[in-house]
Amino acid sequence: MLIVTHDTIRNPSVLKVRQLPRKFFGRATVWPRGMGPGLFLRIIVEFQILRYFLTLTPLVVVALIWNGAALPLSQAPVLMLILIWWLETRVLRVPASRRARLIDPAAADRGLDALRAQARAALTRIAAHRGLKQGELHLVIEQSDLWTASPLTYVSVQWDKGPEVLSLTPTEMQILRDGLFQGDLSERRLQRINQSQNQFLRDITFDARGVSAHARLAAALG
Numbered sequence: 003m004l005i006v007t008h009d010t011i012r013n014p015s016v017l018k019v020r021q022l023p024r025k026f027f028g029r030a031t032v033w034p035r036g037m038g039p040g041l042f043l044r045i046i047v048e049f050q051i052l053r054y055f056l057t058l059t060p061l062v063v064v065a066l067i068w069n070g071a072a073l074p075l076s077q078a079p080v081l082m083l084i085l086i087w088w089l090e091t092r093v094l095r096v097p098a099s100r101r102a103r104l105i106d107p108a109a110a111d112r113g114l115d116a117l118r119a120q121a122r123a124a125l126t127r128i129a130a131h132r133g134l135k136q137g138e139l140h141l142v143i144e145q146s147d148l149w150t151a152s153p154l155t156y157v158s159v160q161w162d163k164g165p166e167v168l169s170l171t172p173t174e175m176q177i178l179r180d181g182l183f184q185g186d187l188s189e190r191r192l193q194r195i196n197q198s199q200n201q202f203l204r205d206i207t208f209d210a211r212g213v214s215a216h217a218r219l220a221a222a223l224g
C-alpha cells in the first residue's frame, strides 16, 4: 500500500484535481520517495509500451539468430498482435470467463463491507484530527488491474472543498496504515475482489459533519 500524498511522492504535481475521485492508474505515474528496486520494477510493469516491447523481444531474438526468419517475421504483424493480445488478456489479466470463479460473491460482499467500515473509521479519525466540521472526505483506494503481478495499491484522502488531495501529516498516514487492511481483508484479497468485479477504484466517502463529539475529544487528547 502506497499512501499518495505530497510528502510521499517525488512528483506532487500529479496530485492536482479537477474532479473527484482523482484517478492515477492510466492517468499519471506516481513515483514514491525512497522506493526500493522491487517497488521500482513493479511500477515499471505498469508501462504498457514496455510490456509490448518485452513481448516482442523473443521475435527480435529469433530474427537476429536465424537470418532467414527475419523477413517472414517482419511481414507478420498479425503474429505480433496475437502475442500482445495473449499477454495482456490471458497472462496479465483475468479473462472475463474466469472472474466469477475468483471469489464467492458473499465473501466479496463481506470484504467490501469490511473495507467500507475500516475506511470510514479512518476518515472519522482524520476529520477529527483536523477539526473539520464541513465538507466530504473521500478515501480513494485504487489498485492496478494487472492480476499476475503483486498488488499495487494507491491510497489517498481527497476532499471536495477545492477539490484536492489532502497533504497528510505523519499521524494521519499512520491512521491509514493502522486502520486499513485489517483482519481478513488484505491487499491481495481486495485484488481478488476487484478482479472478480472488474472494478479497481473504491471511493468511500464521509461527511465531516458526522464526526462525533467523542471522536473530536479523543483527537484532542491524542
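Using our numbering, the letters of the sequence shown map in sequence onto residues 3 to 224.
Note that the Cβ used here is the ideal one computed from N, Cα and C, for glycine as well.
Exposed or buried, Trp161, counting other C-beta atoms within 10 Å across all chains shown (16 or more means buried)? buried
State buried or exposed for Gln176, treating a residue as buried only when at least 16 other CB atoms are found within 10 Å of its CB. exposed
For the alpha helix (DSSP H) containing Phe202, name the first residue and the last one. First-last for Phe202: undefined, no H or E at that position.
Could you give the C-beta distance for Leu41 and Thr155, rounded to a whole number, given that I count them as a contact under 8 Å? Actually they do not touch by this definition, with Cβ atoms about 12 Å apart.
Rounded straight-line distance, which links the Cα of Val19 to that of Thr126: Going by the C-alpha atoms only, they are around 22 Å apart.
Quick one: give me the first and last residue of the alpha helix (DSSP H) that Val80 is part of. Pro79 to Trp88
Assuming Leu56 contacts Met82 under a Cβ cut-off of 8 Å, what Cβ separation, rounded to an integer in Å, is found between them? Contact doesn't hold; Cβ gap of about 13 Å is too wide.
Are there 16 or more other CB atoms within 10 angstroms of the CB of Asp180, so buried, or fewer, so exposed? exposed
Once the 5 residues before and after Lys163 are set aside, which same chain residues still bring their CB inside 7 Å of it? Gly137
By how many angstroms is the C-alpha of Pro14 removed from the C-alpha of Ala32? For clarity, residue 32 is Val in the given sequence; the question names Ala instead. Their backbone Cα atoms lie some 8 Å apart in a straight line.
For a quick check, are the C-beta atoms of Thr10 and Ser169 less than 7 Å apart? no
Residues bridged to Asp209 by DSSP? Answer by DSSP bridge pairing, in chain order: Glu138.
Where does Leu4 fall in DSSP's three states? strand
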